[in-house]
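>
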Amino acid sequence: MNELAEIISQNEGQIRAEWIRDMGSSVQRADLIGKDELEEQCRSLLSAIVTGIRTSGPGDLTAAGWSSTREFLQEISASRARQGFSPADVATFVLSLKRPIFSLIRREMASSQEKLFEAIWTVTELLDRLALITSEAFMAAREELISRQQEELLELSTPVVKLWDGILALPIIGTLDSARTQVVMENLLQTVVATNSKYAIIDITGVPTVDTLVAQHLLKTITAARLMGAECIISGVRPQIAQTIVHLGINLEDVITKAKLSDAFALALQRSGRKVVRESGAPVSPISGLFAKREE
Amino acid sequence: MERIPVLRMGSLLLITIQVDMHDKLALQLQDDVTERISEWGSTGVLIDISSLEIVDSFIGRMLANIAAMSRVLGADTVVVGMQPAVAITLVELGMSLPGVRTALSVEAGMELLFAALPGTQSGSGHERSEA
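Which chain is which? The protein sequence lines are Z and C, in order. Residues in the first sequence are numbered consecutively from 296, following this note's numbering. Residues in the second sequence are numbered consecutively from 76, following this note's numbering.
Have a look at this one:
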């Protein structure tokens, strides 16, 4: 099959020009990738394909001779995934190489039908496999992106804030699954130790639904905190969630629950022997006086 | 033989676990604690496990047992300074140590025990343990 490699390498310039023309506007995407960069990628890929056919033959893409081609394709697919190309764009990049090579083979091998057919079949198979590699690499890059974002979300959404000396608050946003519970629990317990806090308020206003699993995760966190000597209060229980908890028969009797974060905070202050009082001489703004009257 | 010291502080017993607990040591500690409580008539036991980094179900049960035995002998038990990793492990093992009282630091634990001493005004710590 070295003949194939010769045909490609001899007409490299012509193939490249036709290839870029064939890709069409969808793959070229001038807004995402520069013309020079695209041309450079085409040149590298073509020379890598020629090397691959020469050293390992077109049949087995897992052979050592193709390693540079594979790596190159994976690299550009990954970079395109990050740039925002669609999977079709990335596959078309390789597949649009078919027509220029086919027409070349037809011209060069017109003498023998047998050889012509065989060469075309080989090239089709080769390019299809290369396109599959790009798709796989594209997916892998996307998946990596998604899992990284998930991790970041995990870190972002579980802050532990100190409300007062010895009182922590943990506002939970989003559904609690096992992985998140682990992070939440570790964060909370570490902060309990670091700040020597006796009370921790877990606010579930941002938790869309509470099912038995979420409740179990919450109870685990509360038990772990209790083992360390801290007391947990659950706040932000919405009316629907209170109904769901009762309907599901979840036992939260050993846990203190409050409707509002402020109620829980007041309880924590009271338990730690503190009290919030209005300073007697504090000026009351005229606007707040108006509101107070209207409420009456 | 290696053993964990049980210190006497007035009517309280102070135990700090600073070595890796193995089963024999745990059993020895159970013997020592019960013996000391009846010998000295202690009313409170404070176990500091802040240096304990590895825990298994046996050690967890030992803590629960010591608390239960002390209760039978008329003494309250407070476990103080449990590390986050240890707490998580015990919860994952399904051991919530329901009969054991806990505190964040030795200081807080002492307060809890003193509050429960007969003759002191505040009995709030005692009430909570039974709740």
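Don't be surprised by glycine CBs; every beta carbon is placed ideally from N, CA and C.
1. One question on the structure: do residue 137 of chain C and residue 101 of chain C come within less than 8 Å of each other, judged by their Cβ atoms?
2. Does any residue of chain Z have a CB that is nearer than 8 Å to the CB of residue 134 of chain C?
3. Answer with buried or exposed for residue 443 of chain Z, where buried requires no fewer than 16 other C-beta atoms within 10 angstroms of its C-beta.
4. In the DSSP output, which residue or residues are listed as bridge partners for residue 178 of chain C?
5. Based on DSSP bridge pairs, tell me the residues matched to residue 457 of chain Z.
6. Short of 6 Å in beta carbon distance, which residues of its chain neighbour residue 205 of chain C, apart from the five on each side in sequence? Order them along the chain.
7. Mind checking whether residue 160 of chain C and residue 128 of chain C have CB atoms under 8 Å apart?
8. According to DSSP, is residue 147 of chain C part of a helix, a strand, or is it coil?
9. Label residue 445 of chain Z either buried or exposed according to how many other C-beta atoms from any shown protein chain fall within 10 Å of its C-beta, with 16 as the threshold for buried.
10. Quick check on residue 547 of chain Z: does DSSP put it in helix, strand or coil?
11. Interface residues of chain C around residue 493 of chain Z at Cβ under 8 Å?
12. For residue 515 of chain Z, which residues in chain C fall below 7 Å Cβ to Cβ?
13. Assess contact between the stretch 516-529 of chain Z and the stretch 486-502 of chain Z, defined as three or more Cβ pairs (one per stretch) separated by less than 8 Å. Is contact present?
14. If contacts are defined as beta-carbon pairs under 8 Å, then residue 178 of chain C and residue 147 of chain C qualify, I think. What distance do you get, rounded to the angstrom?
15. Using a beta-carbon distance below 8 Å, is residue 142 of chain C in contact with chain Z?
16. Can you find a CB in chain Z that lies within less than 8 Å of the CB of residue 188 of chain C?
17. Nearest by alpha-carbon distance to residue 131 of chain C: which of C:123, C:168 and C:158 is it?
18. Shorter than 8 Å from the beta carbon of residue 89 of chain C to some beta carbon of chain Z?
19. How big is the Cα-Cα spacing for residue 152 of chain C and residue 140 of chain C?
20. For the stretch 519-533 of chain Z, which residues have a beta carbon sitting closer than 8 Å to at least one beta carbon of chain B?
Once the coordinates are examined:
1. On the second sequence, residue 137 of chain C is found 62 positions in, with the first residue counted as 1. On the second sequence, residue 101 of chain C is found 26 positions in, with the first residue counted as 1. Remark: C-beta atoms of residue 137 of chain C and residue 101 of chain C approach each other more closely than 8 Å.
2. Numbered from its first residue, the second sequence carries residue 134 of chain C at position 59. Answer no: the Cβ-Cβ gap between residue 134 of chain C and chain Z never drops below 8 Å.
3. Looking up residue 443 of chain Z in the first sequence gives position 148. Residue 443 of chain Z counts as exposed, since fewer than 16 other beta carbons sit within 10 angstroms of its beta carbon.
4. Against the second sequence, residue 178 of chain C aligns to sequence position 103. By DSSP's assignment, residue 178 of chain C forms a beta bridge with C:155.
5. One-based indexing of the first sequence puts residue 457 of chain Z at position 162. Per the DSSP secondary-structure output, residue 457 of chain Z pairs in a beta bridge with Z:463.
6. Against the second sequence, residue 205 of chain C aligns to sequence position 130. At residue 205 of chain C, the pLDDT of 40 sits below 50, so the modelled position is not reliable; the number obtained from the coordinates is stated separately. For residue 205 of chain C, where only same-chain residues beyond five positions count, there are no Cβ hits under 6 Å.
7. To locate residue 160 of chain C, count along the second sequence from 1; it is residue 85. To locate residue 128 of chain C, count along the second sequence from 1; it is residue 53. Residue 128 of chain C is positioned such that its CB atom lies closer than 8 Å to that of residue 160 of chain C.
8. Taking the second sequence and counting its residues from 1, one reaches residue 147 of chain C at position 72. Residue 147 of chain C falls in the helix class under three-state DSSP.
9. For the purposes of this step, residue 445 of chain Z is identified with residue 150 of the first sequence, where counting begins at 1. When all chains shown are included, residue 445 of chain Z counts as exposed.
10. Your numbering for residue 547 of chain Z matches position 252 in the first sequence. Residue 547 of chain Z sits in coil when the DSSP states are folded into three classes, being neither helix nor strand.
11. Locating residue 493 of chain Z in the first sequence gives position 198, counting from the first residue. Those are 179 and 183, listed as they occur along chain C.
12. Working through the first sequence from its first residue, we reach residue 515 of chain Z at position 220. Taking a Cβ-Cβ cut-off of 7 Å, the neighbours of residue 515 of chain Z in chain C comprise 166, given in sequence order.
13. Segments in contact, yes.
14. The residue labelled residue 178 of chain C in the question sits at position 103 within the second sequence. The residue labelled residue 147 of chain C in the question sits at position 72 within the second sequence. Not confirmed; about 22 Å, so no contact.
15. Along the second sequence, read from residue 1 onward, the residue named residue 142 of chain C stands at position 67. Nearest CB-CB separation between residue 142 of chain C and chain Z: not below the 8 Å threshold.
16. As a working mapping, residue 188 of chain C is identified with position 113 in the second sequence. Chain Z contact via Cβ: absent.
17. For this step, residue 131 of chain C is matched to residue 56 along the second sequence. Nearest in C-alpha terms to residue 131 of chain C, of all of C:123, C:168 and C:158, is C:168.
18. Within the second sequence, residue 89 of chain C is the residue found at index 14, counting from 1. Cβ-Cβ to chain Z under 8 Å: no for residue 89 of chain C.
19. Working through the second sequence from its first residue, we reach residue 152 of chain C at position 77. Working through the second sequence from its first residue, we reach residue 140 of chain C at position 65. Pairing residue 152 of chain C with residue 140 of chain C, the inter-Cα distance amounts to about 10 Å.
20. Of the chains in the structure shown, none is chain B; the protein chains are Z and C.
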